[in-house]
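Worksheet: the structure to be examined is printed underneath.
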Amino acid sequence: MLQRQIQQLNLAQNWCAKCNATFQITSDLVYHMRSHDKREFDPIKRKREEKFKCDVCKETYKERHHFTRRMTSHSLLEK
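If you want it as structure tokens, here you go:
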């Protein structure tokens with residue numbers, strides 16, 4: 001009986017404030033919280049991800065070298 005009460009107390013201490021899931025081990029809760037962070041939308045990060053946009057094909061690129069390579073391929077097609 002006492003062991004059961006201790007387990008319930010531990011579960012009450014390790015609960016997710018976002019979805020009310022409970023965990024026996026604190027590290028499981030920490031791992032679970034990371035899953036919430038991945039799902040959240042960050043508009044600043046999203047804006048940074050689509051920094052380079054090709055006016056020809058409307059593709060967006062996170063990195064300049066990918067964008068430059070795309071623009072080079074368009075210029076080669078025009079020749």
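Position 75, counted from 1, in the sequence shown is what UniProt numbering calls 75; the numbers after and before it change by one each time, with no gaps.
Built from N, CA and C at the ideal position, the CB exists for glycine as well.
Listed in chain order, the non-local C-beta contacts of residue 18 below 7 Å within the same chain comprise 36, local neighbours out to five positions each way being set aside.
CA-CA distance, residue 22 to residue 15, rounds to 4 Å. Here residue 70 has 54 as same chain residues with Cβ atoms under 6 Å from its own Cβ, once five neighbours each way along the sequence are excluded. For residue 67, the secondary structure class from DSSP, reduced to helix, strand or coil, is helix.
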